[in-house]
Amino acid sequence: MDNRTRNMYLIPYGLWIILFVVVPIVLVGYYSLFDIDGQLSIVNYKRFFSPVYLGMTLRSFWYAFLITVVSLGIAYPCAYWLTKTKHKQLWLLLIVMPSWMNLLLKAYAFIGLLGTYGPVNSFLNVVGVGARQILFTDFSFIFVAVYIFIPFMILPIFGALEELNPSLVDAAYDLGASPWTTFRRVIFPLTISGVQAGCQAVFIPALSLFMITRLIAGNRVITLGTAIEQHFLVTQDWGMGSALAVFLIIAMGLTMWITTGGKRVS
Amino acid sequence: MKKVVQMFVAVFLVAFIFVYVTARINSLQGYSGANTLTIYNWGDYVDPDLITAFEEETGLKVIYQTFESNEAMLTKIAHGGTSFDVVVPSDYAINKMREQGLLLPLDHELIPNLEHIDPRFLNLSFDEGNKYSIPYFWGTLGIIYNSEMLGGKELESWEDLWDDSLRNQIILVDSAREVIGIGLDSLGYSLNDTDPDHLREAHDKLKELIPNVKAIVGDELKMLLANEEAAIGVVWSGDAALIIEENPKLNYVIPAEGSNVWFDNIVIPTTATNIEGAHMFINFVLDPENAAINTEYVGYSTPNRAALEYLPEEIVSDERFYPGPEITDQLELYENLGKRMLAYYNELFLEFKMHRK
Chain A
3 MDNRTRNMYL
13 IPYGLWIILF
23 VVVPIVLVGY
33 YSLFDIDGQL
43 SIVNYKRFFS
53 PVYLGMTLRS
63 FWYAFLITVV
73 SLGIAYPCAY
83 WLTKTKHKQL
93 WLLLIVMPSW
103 MNLLLKAYAF
113 IGLLGTYGPV
123 NSFLNVVGVG
133 ARQILFTDFS
143 FIFVAVYIFI
153 PFMILPIFGA
163 LEELNPSLVD
173 AAYDLGASPW
183 TTFRRVIFPL
193 TISGVQAGCQ
203 AVFIPALSLF
213 MITRLIAGNR
223 VITLGTAIEQ
233 HFLVTQDWGM
243 GSALAVFLII
253 AMGLTMWITT
263 GGKRVS
Chain B
2 MKKVVQMFVA
12 VFLVAFIFVY
22 VTARINSLQG
32 YSGANTLTIY
42 NWGDYVDPDL
52 ITAFEEETGL
62 KVIYQTFESN
72 EAMLTKIAHG
82 GTSFDVVVPS
92 DYAINKMREQ
102 GLLLPLDHEL
112 IPNLEHIDPR
122 FLNLSFDEGN
132 KYSIPYFWGT
142 LGIIYNSEML
152 GGKELESWED
162 LWDDSLRNQI
172 ILVDSAREVI
182 GIGLDSLGYS
192 LNDTDPDHLR
202 EAHDKLKELI
212 PNVKAIVGDE
222 LKMLLANEEA
232 AIGVVWSGDA
242 ALIIEENPKL
252 NYVIPAEGSN
262 VWFDNIVIPT
272 TATNIEGAHM
282 FINFVLDPEN
292 AAINTEYVGY
302 STPNRAALEY
312 LPEEIVSDER
322 FYPGPEITDQ
332 LELYENLGKR
342 MLAYYNELFL
352 EFKMHRK
C-alpha cells in the first residue's frame with residue numbers, strides 16, 4: 003500500500019478526532035472565559051478558588067479515591083481467581099454483563115433494593131440486625147459506584163495476570179519465597195500495568211459522576227460533575243460549567259501522568 | 002479506497018431513502034404542514050381522548066411531542082428548526098420567551114372561551130393582559146406529609162420543618178428557587194428577594210435544616226414518598242395530588258408563611274406554522290366541558306371557573322388543591338430575576354447541598 007492511500011484511510015479517524023475531541027475541548031476552554039453576562043473575564047477561575055468549589059473538588063477526589071481503592075481491593079483477588087478457574091470466558095461474560103444494562107435502570111433498581119422497605123432491609127430485619135438507612139448514605143453511594151465501575155477494573159488486571167508467565171511464579175517458589183513474598187515481589191510488580199489501567203478507568207469517570215449522586219446519594223454527596231450539570235442545565239452559566247470542566251480535564255491529565263509513574267504512556 | 006467510498010455512498014443512499022419514505026408516509030396519512038397541529042407539552046399533560054375529539058371536530062392531525070423541563074423546551078425552540086404550534090411553558094419561562102421574542106400575540110377574538118377563565122388567574126405579572134398566554138393548569142408549592150409516620154403530628158408551616166423530632170425525615174425537591182424560597186418564606190422575606198444579605202440569611206437558616214433532610218432529589222420524589230421512604234416532602238401541588246392518589250395516608254398543606262403559586266400556560270411560539278389551528282386548539286381546551294375532562298385526567302388544578310361545575314364536588318371543594326382567593330392572594334409568583342440573580346440563588350443552593358450532617 004503506498005503512502006497516499008494510507009493517508010486517505012487516516013482521514014475518517016482524523017476528522018473524528020478533530021470534530022469530537024479537539025473542537026469540544028477548545029470550545030470548553032473558550033466558554034470558560036466568559037462570565038454569566040457573556041463578558042470576557044477570568045471570574046470563573048477566581049470563583050473556582052472559593053471555599054465552595056475547592057471543597058467540592060477535594061470531596062470529588064476523596065470519593066473517587068475511595069471508589070478506586072474499594073474496586074481495586076475487590077477486583078484484584080477476583081481477577082486472580084478468574085485466571086485459576088475452568089470456565090474463564092463464562093465468568094468474564096457474567097462480570098461484564100451488568101455493564102450492558104442502562105445505568106439509569108440499574109440506579110432505579112438500587113433505589114428499590116436499598117430502600118427502607120427494600121429486600122436488603124427486610125433481610126437485616128430477619129437476621130436480627132434491624133432495618134437501617136442505607137439509601138442516601140456515603141455507603142450506598144460508594145457501593146453502587148463500585149458496582150458500576152468494577153468490570154473496568156477487573157478486565158485489565160485479568161489481562162495482565164493472564165499474560166504473566168507462570169514459570170516465573172514457580173521459580174519464585176522454587177527459590178523459597180513464601181506465597182506473600184511471591185505475590186509482593188513477583189506477581190504484583192508484573193501486573194502493575196493492569197492495575198494502572200484499571201485505576202485510570204475507574205478514577206477518572208468517578209471524578210465526574212453525577213446522576214447517581216442524586217439518585218443513590220440523594221444529593222448528600224456533591225461532586226464537580228453535579229455542579230457542572232447544574233450550571234449547564236439550570237443556571238445556564240455555561241462559563242462556570244466550562245471552567246469546572248477545564249479543571250476536571252487537567253485533573254484527569256494529572257491522574258494519567260501520575261498513575262503511569264511520570265513516564266510517557268507507551 | 003473504492004470500498005470506503007462505496008460504503009459512504011450506500012449509507013447516504015439508505016438515509017436519503019428513509020427520509021423520503023417517512024415524508025411520503027406522513028403526507029399519505031395527512032401529516033403535511035397545512036392540516037397538522039404540533040403540540041409541545043409536558044409528558045402526560047393532556048387527555049389523549051380530547052386530542053382525538055379535537056381531530057374529529059376539526060379534521061386536523063395532531064402531533065404531540067413532550068419535554069421534561071422549561072429549560073430543555075426553551076433551548077429547543079430558541080434553536081429553531083422546529084414547527085411547534087402550541088407550547089405549554091411555566092410562568093417564569095414565559096417571561097424569558099417574551100424577552101427573546103419567541104412568542105406570537107394571541108388573537109382573543111378567536112378564543113371566545115377565554116371568558117371561562119377565573120379573572121383572578123388573568124392579568125398576571127408575567128403576561129399582563131394575557132397578550133401571549135392563557136393559564137392551562139395552576140398550583141402551589143407546599144408540604145406533603147404522612148402523619149401516621151410522624152406519630153400523628155400535623156404540619157402547618159415551613160417553620161415546622163425545623164422541628165428536632167423530624168430528623169432525617171424530609172425529602173426536598175432538587176431546585177434552587179424552591180429550596181432557597183423555603184428559607185426566605187420562613188424568614189418573612191419575598192420569594193423574589195434580591196437582597197444578598199437576605200439570601201445569605203435564608204441560606205444560613207436552611208443550613209440548620211440539614212439534619213432533618215434525608216435527600217434532595219428530582220422526579221423520584223413521588224415514588225419515594227408514596228413508598229414511605231420518608232415522612233415529609235416539599236412538592237408542587239400537582240405532584241402532591243398524584244402521590245396522595247397512590248398513598249392516601251399522605252396529606253398536603255400550603256404553609257402558613259406563604260409559598261409559591263405557579264401557572265403552566267398555553268402559548269403560540271414563533272415557530273408555529275398553523276396559527277389558526279393553534280387558536281382552534283386553545284379555544285377547544287378552554288371549553289368548560291373539555292377542560293373538566295382534561296382536569297380529571299391530568300389531576301392538576303384548572304383555572305377554568307366554568308369547568309368546576311362539571312367536576313366532582315370532592316375535587317373542587319378540596320381547599321388543598323383549590324385554595325380560595327384569601328389564600329392565593331398570600332402566595333407569590335416567581336418573577337424573572339435575571340440570569341445573574343438566578344446564578345446567585347443556585348450558588349447558595351449548591352453551598353446548601355454541600356453541608357454535611
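Chains as they are written, first to last, in my numbering: chain A, 3 to 268; chain B, 2 to 358.
For glycine and all other residues, C-beta sits at the position ideal for the given N, C-alpha and C.
Look at residue i and residue j and say whether their C-beta atoms are less than 8 Å apart.
{"i": "B/ASP92", "j": "B/ARG306", "result": "no"}
{"i": "B/VAL174", "j": "B/VAL214", "result": "no"}
{"i": "A/PRO1", "j": "A/ALA199", "result": "As displayed, chain A neither begins before 3 nor continues past 268, which places residue 1 of chain A out of reach and without an answer."}
{"i": "A/ILE214", "j": "A/PHE141", "result": "no"}
{"i": "A/ARG216", "j": "B/VAL180", "result": "no"}
{"i": "B/LEU61", "j": "B/GLY278", "result": "yes"}
{"i": "A/LEU250", "j": "A/ALA66", "result": "no"}
{"i": "B/ARG178", "j": "B/TYR253", "result": "no"}
{"i": "B/SER260", "j": "B/ASP186", "result": "yes"}
{"i": "B/ASN275", "j": "B/ASP86", "result": "yes"}
{"i": "B/ILE64", "j": "B/ILE267", "result": "no"}
{"i": "B/GLY184", "j": "B/LEU192", "result": "no"}
{"i": "B/GLY82", "j": "B/THR67", "result": "no"}
{"i": "B/GLU229", "j": "B/MET281", "result": "no"}
{"i": "B/PHE55", "j": "B/THR303", "result": "no"}
{"i": "B/LEU404", "j": "A/GLN232", "result": "In the structure displayed, chain B extends from 2 to 358; residue 404 of chain B sits before or after that span and is not available."}
{"i": "B/GLU221", "j": "A/ILE113", "result": "yes"}
{"i": "B/LEU225", "j": "B/ALA231", "result": "yes"}
{"i": "B/TYR301", "j": "B/GLY239", "result": "yes"}
{"i": "A/ASN46", "j": "A/ALA173", "result": "no"}
{"i": "B/LEU75", "j": "B/ALA94", "result": "yes"}
{"i": "B/LYS340", "j": "A/ILE38", "result": "yes"}
{"i": "B/PRO289", "j": "B/ALA308", "result": "yes"}
Quick check on the DSSP output: the alpha helix (DSSP H) that includes residue i runs from which residue to which?
{"i": "A/TRP93", "result": "90-98"}
{"i": "A/GLY16", "result": "5-19"}
{"i": "B/ASN347", "result": "340-355"}
{"i": "A/PHE154", "result": "140-165"}
{"i": "A/LEU68", "result": "53-86"}
{"i": "A/VAL122", "result": "121-128"}
{"i": "A/ILE113", "result": "105-116"}
{"i": "A/ILE44", "result": "A/ILE44 -> no alpha helix (DSSP H), and no H or E assigned at all."}
{"i": "A/THR183", "result": "181-184"}
{"i": "A/LEU29", "result": "25-33"}
{"i": "A/SER169", "result": "168-176"}
{"i": "B/ASP198", "result": "197-208"}
In the DSSP assignment, the beta strand (DSSP E) including residue i goes from what residue to what residue?
{"i": "B/VAL400", "result": "Because chain B in this structure spans residues 2 to 358, residue 400 of chain B falls outside the shown range and cannot be described."}
{"i": "B/PHE285", "result": "It is not in any beta strand (DSSP E) - B/PHE285 instead sits in the alpha helix (DSSP H) that spans 276-287."}
{"i": "B/LEU251", "result": "251-254"}
{"i": "B/ILE52", "result": "B/ILE52 -> not in any beta strand (DSSP E); alpha helix (DSSP H) instead, spanning 49-59."}
{"i": "B/TRP263", "result": "262-268"}
{"i": "B/LEU38", "result": "37-43"}
{"i": "B/ILE64", "result": "62-68"}
{"i": "B/ALA216", "result": "214-218"}
Exercise. Can you give me, in chain order, the residues of the stretch 212-237 of chain A that have a beta carbon less than 9 Å from any beta carbon in chain B?
Key: Going along the stretch 212-237 of chain A in chain order, one finds ARG216, LEU217, ALA219, GLY220, ASN221, ARG222, ILE224, THR228, ALA229, GLN232, HIS233, LEU235, VAL236 and THR237 with a Cβ nearer than 9 Å to chain B.
Self-check item: Residues of the stretch 101-115 of chain A whose Cβ lies closer than 9 Å to any Cβ of chain B, in chain order
Solution: Going along the stretch 101-115 of chain A in chain order, one finds TYR110, ILE113 and GLY114 with a Cβ nearer than 9 Å to chain B.
Practice problem: Taking only beta carbons into account, state which residues of the stretch 228-243 of chain B come closer than 9 Å to chain A, listed in chain order. | Solution: Residues of the stretch 228-243 of chain B with a C-beta less than 9 Å from any C-beta of chain A: ASN228, GLU229, GLU230 and ALA231, listed in chain order.
Self-check item: Residues of the stretch 334-351 of chain B whose Cβ lies closer than 9 Å to any Cβ of chain A, in chain order
Solution: Per Cβ criterion, the list reads LYS340, ARG341, LEU343, ALA344, TYR346, ASN347, GLU348, PHE350 and LEU351.
Quiz item: In chain order, what residues of the stretch 124-147 of chain A put their CB closer than 9 Å to some CB of chain B?
Solution: Within the stretch 124-147 of chain A, the qualifying residues are GLN135, LEU137 and PHE138.
Practice problem: Could I get the ranges of all uninterrupted beta strand (DSSP E) runs contained in the stretch 112-191 of chain B, with 3 residues as the minimum, in chain order? | Solution: Here the runs fully enclosed are 134-147 and 171-174.
Quiz item: Quick one: complete beta strand (DSSP E) runs, 3+ long, within the stretch 219-256 of chain A?
Solution: Listed in chain order, there is nothing to give.
Quiz prompt | Uninterrupted alpha helix (DSSP H) stretches inside the stretch 187-220 of chain A (no shorter than 4 residues) | solution = Fully contained in the stretch 187-220 of chain A are the following alpha helix (DSSP H) runs of length 4 or more, in chain order: 194-209 and 214-217.
Quiz item: Are three or more beta carbon pairs between the stretch 157-176 of chain A and the stretch 74-86 of chain A nearer than 8 Å?
Solution: The stretch 157-176 of chain A is in contact with the stretch 74-86 of chain A.
Quiz item: Of all the residues that make up the stretch 143-165 of chain B, which are near chain A by a beta-carbon distance shorter than 9 Å?
Solution: Look at the stretch 143-165 of chain B: it has no residue with a C-beta under 9 Å from a C-beta of chain A.
Quiz prompt | Against chain A: residues of the stretch 60-78 of chain B by CB proximity under 7 Å | solution = Listed by position, the residues of the stretch 60-78 of chain B near chain A (Cβ gap below 7 Å) are GLU72.
Self-check item: Stretch pair the stretch 248-262 of chain A + the stretch 231-239 of chain A: three plus CB contacts closer than 8 Å
Solution: Below 8 Å, too few C-beta pairs join the stretch 248-262 of chain A and the stretch 231-239 of chain A to call them touching: fewer than three.
Quiz prompt | Interface residues of the stretch 13-34 of chain A facing chain B [CB-CB below 7 Å] | solution = Listed by position along the chain: nothing, the set is empty.
Quiz prompt | Residues of the stretch 49-80 of chain A with Cβ closer than 7 Å to any Cβ of chain B, in chain order | solution = Residues VAL54, GLY57 and MET58.
Quiz item: For the 8 Å Cβ check, are there 3 or more pairs between the stretch 103-118 of chain A and the stretch 126-139 of chain A?
Solution: Result yes; three or more Cβ-Cβ pairs closer than 8 Å.
Exercise. Could you please tell me which residues of the stretch 87-99 of chain B, in chain order, have their CB closer than 7 Å to any CB of chain A?
Key: If the cut-off is 7 Å between Cβ atoms, the stretch 87-99 of chain B has nothing near chain A.
Self-check item: chain A contacts made by the stretch 172-186 of chain B, where a contact means CB separation under 9 Å
Solution: If the cut-off is 9 Å between Cβ atoms, the stretch 172-186 of chain B has ILE172, LEU173, ASP175, SER176 and ALA177 near chain A.
Exercise. Determine which residues of the stretch 239-263 of chain A have a Cβ less than 7 Å from any Cβ of chain B, and write them out in chain order.
Key: Under the 7 Å Cβ criterion, the stretch 239-263 of chain A contributes ASP239.
Quiz item: Given a limit of 9 Å on CB to CB distance, which residues of the stretch 202-227 of chain B reach chain A?
Solution: Answer in chain order: VAL214, LYS215, ALA216, ILE217, VAL218, GLY219, GLU221, MET224 and LEU225.
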